[in-house]
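**Q** Counting in UniProt numbering, the sequence shown runs from 1 upward without gaps.
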Amino acid sequence: MIFMFKKIGVVGDKDSVLAFKALGIDVFPVTEPDEARKTIDKLARDNYAVIFVTEQVAKEIEETIERYNKETLPAVILIPSNQGTLNIGMQRISDNVEKAVGVNIL
Numbered sequence: 001m002i003f004m005f006k007k008i009g010v011v012g013d014k015d016s017v018l019a020f021k022a023l024g025i026d027v028f029p030v031t032e033p034d035e036a037r038k039t040i041d042k043l044a045r046d047n048y049a050v051i052f053v054t055e056q057v058a059k060e061i062e063e064t065i066e067r068y069n070k071e072t073l074p075a076v077i078l079i080p081s082n083q084g085t086l087n088i089g090m091q092r093i094s095d096n097v098e099k100a101v102g103v104n105i106l
């Protein structure tokens, strides 16, 4: 039996994503929204199962994030950057829980 291991990547500003390298996660520092879009699309084509994206980057590429929210893989997870949180990621989790359960339990 052949097992295909899926990869995990993180996209965001250099200062926010560099620490993930110590955990063995592939890091992709970006500076421009277009660069972030292209990087996420490439990771999706390259069989990344989970792509963490900093909230600051995600707010500038909302259409790309929404496109992948409709797909099973990759899972695009928003995380705070080193500058703090915008509460976008937590709001998405809360919205998904409410949709699944029927009431906001968070």
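From the three backbone atoms N, C-alpha and C, an ideal C-beta is built for every residue, glycine too.
Please state whether DSSP places residue 77 in a helix, a strand or coil.
**A** The residue labelled residue 77 in the question sits at position 77 within the sequence shown. Residue 77 falls in the strand class under three-state DSSP.
**Q** Where do the N-terminal and C-terminal ends of the beta strand (DSSP E) with residue 7 fall, by residue?
**A** Here residue 7 refers to the residue found at position 7 of the sequence shown. Counting along the chain, the beta strand (DSSP E) containing residue 7 begins and ends at 7-12.
**Q** Less than 7 Å between C-beta atoms, sequence neighbours within five positions excluded: which residues of the same chain meet that for residue 16?
**A** Counting from 1 along the sequence shown, the entry for residue 16 is found at position 16. Around residue 16: 54, 81, 82.
**Q** Using CA coordinates, which residue listed in 60, 72, 74, 79 is at the minimum distance from residue 37?
**A** To locate residue 37, count along the sequence shown from 1; it is residue 37. The residue with the shortest Cα to Cα distance from residue 37 is 60.
**Q** Count the other C-beta atoms from every protein chain shown that fall within 10 angstroms of the C-beta of residue 24, then say buried if there are 16 or more, exposed otherwise.
**A** On the sequence shown, position 24 is the one that residue 24 refers to. Exposed, since its Cβ has fewer than 16 Cβ neighbours within 10 Å.
**Q** With 16 other CB atoms within 10 Å as the buried threshold, where does residue 43 fall?
**A** For the purposes of this step, residue 43 is taken as residue 43 along the sequence shown, with counting starting at 1. Buried, because 16 or more other Cβ atoms sit within 10 Å of the Cβ of residue 43.
**Q** So is residue 64 buried or exposed if we call it buried at 16+ other beta carbons inside 10 Å?
**A** In the sequence shown, counting from the first residue as 1, residue 64 sits at position 64. Flag for residue 64 reads buried.
**Q** Assign residue 22 to buried or exposed, taking buried as 16 or more other Cβ atoms, counted over all protein chains shown, within 10 Å of its Cβ.
**A** Locating residue 22 in the sequence shown gives position 22, where the first residue counts as 1. Its Cβ having fewer than 16 others within 10 Å, residue 22 is exposed.
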